[in-house]
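Undergrad: Each step along the sequence shown adds one to the number in UniProt numbering, with nothing skipped, and position 24 is 24. Handing you this structure, nothing more for now.
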Amino acid sequence: MQPLSETEQLSEQDVDSKGSSLERMLRVLDLFTEASPIWAVDEMGAALGYTRSTIYRYVRELAEASLLFQVEAGRYALGARIITWDRQLRLSDPLVRAAQSLEHDLPRWSEQQVWLICRLFKDQVVCIHQHGELFSEVSYSRGSPRPLFLGATSKAILANMTSRQHNQLFLENPDEVRASHLGQTWEQFRRSLQQLRRQGYVASAAEIDPGVYGLAAPIFDSDGKVVGSISCVRPIQQRDNAQEAQQGAQMLALAQTLSQRMAALTHRPPQPD
1 MQPLSETEQL SEQDVDSKGS SLERMLRVLD LFTEASPIWA VDEMGAALGY
51 TRSTIYRYVR ELAEASLLFQ VEAGRYALGA RIITWDRQLR LSDPLVRAAQ
101 SLEHDLPRWS EQQVWLICRL FKDQVVCIHQ HGELFSEVSY SRGSPRPLFL
151 GATSKAILAN MTSRQHNQLF LENPDEVRAS HLGQTWEQFR RSLQQLRRQG
201 YVASAAEIDP GVYGLAAPIF DSDGKVVGSI SCVRPIQQRD NAQEAQQGAQ
251 MLALAQTLSQ RMAALTHRPP QPD
């Protein structure tokens, strides 16, 4: 990177009222995607609307922490530290460990089926564990953020968020709400989510991936807060309305077991004196 001028160095302390310095720095990492895996520093600044001094400071600090790697002069990719964190998450995340322990107990409803364990991620849902095979790749592949308003996997989480969260989501995401099949008005949206919450499980067909049917149930932490969902994704031809309620009940039982196992793994035993 080119050295900063004295004026630019003095302006590095500028603060954006829209977020803390740490949050603004993390937005730099969010730029790196499968479609855009390498970025020039000036391109990052332009995409995020940061001053030259700010983006150069952030990139320098992220590179020093091995969160970014310089592939050539002024151009960066994600760094090696991230893959070490990914490995640690796979080995230590209580929800992932609970899901792995449950794999042998998962019912075989179809020759082609994929079980997904997902977490709430800001206003999206991200898959953290996957088990099984399907005729085609599903959008909920591990690490890919998916919309909160579409698909059984996401709606099982959405339905069990708080009323305050529902109200905020409704106000901030009008287009997504209209496309969700959950209602066009606040009252319709609210009642649809209440109905899904009372039912417990959520079913959907071809809302995200064509030809795919999903059945899902929410996962809760020890405080009763929804943190994720478990879902089974199958070819849409495998949907059997006569069996759906029974399978939905099984899904609820699996989700409850996952919640309990996650809580047990999260609990830290008392330390000896």
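Every residue gets a Cβ at the ideal spot worked out from N, C-alpha and C, and that includes glycine. Since we're looking at a predicted model, the values are computed, not measured.
Three Cβ pairs or more, each shorter than 8 Å: is that satisfied between the stretch 69–89 and the stretch 108–117?
TA: The stretch 69–89 is not in contact with the stretch 108–117.
Undergrad: Determine the direct distance from the alpha carbon of residue 186 to that of residue 26, and round the result to whole angstroms.
TA: If you number the sequence shown from 1, residue 26 lands on position 26. If you number the sequence shown from 1, residue 186 lands on position 186. Approximately 33 Å, taken between the alpha carbons.
Undergrad: Closer than 6 Å by C-beta to residue 234: which residues in its own chain qualify, once you throw out the five before and the five after it? Chain order, please.
TA: As a first step, residue 234 must be located in the sequence shown, where it is residue number 234. Excluding positions up to five away in sequence, the list reads 110, 113, 213.
Undergrad: Pick helix, strand or coil for residue 70, following the three-state DSSP scheme.
TA: Walking along the sequence shown from the start, residue 70 turns up at place 70. Note: residue 70 maps to strand in three-state DSSP.
Undergrad: Apply the 10 Å Cβ neighbour rule to residue 45 and answer buried if 16 or more other Cβ atoms are within range, or exposed otherwise.
TA: Counting from one through the sequence shown, the residue named residue 45 turns up at place 45. The residue is buried, with at least 16 neighbouring Cβ atoms inside 10 Å.
Undergrad: For residue 225, count the other beta carbons within 10 Å of its own beta carbon; 16 or more makes it buried, fewer makes it exposed. Which is it?
TA: The residue labelled residue 225 in the question sits at position 225 within the sequence shown. Burial call: exposed.
Undergrad: The beta strand (DSSP E) spanning residue 230 covers which residue range?
TA: For the purposes of this step, residue 230 is taken as the residue at position 230 of the sequence shown. Where residue 230 is concerned, the enclosing beta strand (DSSP E) stretches over 226–235.
Undergrad: Over the uninterrupted beta strand (DSSP E) stretch that includes residue 204, give me the two end residues.
TA: Here residue 204 refers to the residue found at position 204 when the sequence shown is read from its first residue. Taken as a continuous stretch (DSSP letters only), the beta strand (DSSP E) holding residue 204 covers 202–205.
Undergrad: Using the Cβ count rule (16 or more neighbours within 10 Å means buried), how would you classify residue 98?
TA: Taking the first residue of the sequence shown as 1, we reach residue 98 at position 98. Under this definition residue 98 is a buried residue.
Undergrad: Just tell me which of 34, 47, 37 has its CA closest to the CA of residue 24.
TA: Taking the first residue of the sequence shown as 1, we reach residue 24 at position 24. It is 47.
Undergrad: Just confirm the distance between the C-beta atoms of residue 160 and residue 107, as a whole number of angstroms; I'd bet it's less than 8 Å.
TA: By 1-based counting over the sequence shown, the position of residue 160 is 160. By 1-based counting over the sequence shown, the position of residue 107 is 107. Their Cβ separation, rounded to whole angstroms, is 23 Å, which puts residue 160 and residue 107 out of contact at 8 Å.
Undergrad: Tell me which same chain residues have a C-beta within less than 8 Å of the C-beta of residue 69, skipping the five on either side of it?
TA: Indexing the sequence shown from 1 puts residue 69 at position 69. Cβ within range, chain order: 63, 76, 77, 78, 79, 80.
Undergrad: Rounded to whole angstroms, what is the Cα-Cα separation between residue 261 and residue 210?
TA: For the purposes of this step, residue 261 is taken as the residue at position 261 of the sequence shown. For the purposes of this step, residue 210 is taken as the residue at position 210 of the sequence shown. About 33 Å.
Undergrad: From residue 2 to residue 52, what distance separates their C-alpha atoms?
TA: Here residue 2 refers to the residue found at position 2 of the sequence shown. Here residue 52 refers to the residue found at position 52 of the sequence shown. Bear in mind that the predicted position of residue 2 carries a pLDDT of just 49, short of 50, making it unreliable; the figure below should be weighed with that in mind. One C-alpha to the other measures close to 11 Å.
Undergrad: What would DSSP say about residue 208, mapped onto helix, strand or coil?
TA: Here residue 208 corresponds to residue number 208 of the sequence shown, with the count starting at 1. Coil at residue 208, not helix or strand.
Undergrad: Please classify residue 56: does DSSP put it in a helix, a strand, or coil?
TA: Position 56 of the sequence shown, counted from the start, is the residue given in the question as residue 56. Residue 56 falls in the helix class under three-state DSSP.
Undergrad: Classify residue 255: buried if its beta carbon has 16 or more other beta carbons within 10 angstroms, exposed otherwise.
TA: As a position in the sequence shown, residue 255 is number 255, starting the count at 1. The residue is buried, with at least 16 neighbouring Cβ atoms inside 10 Å.
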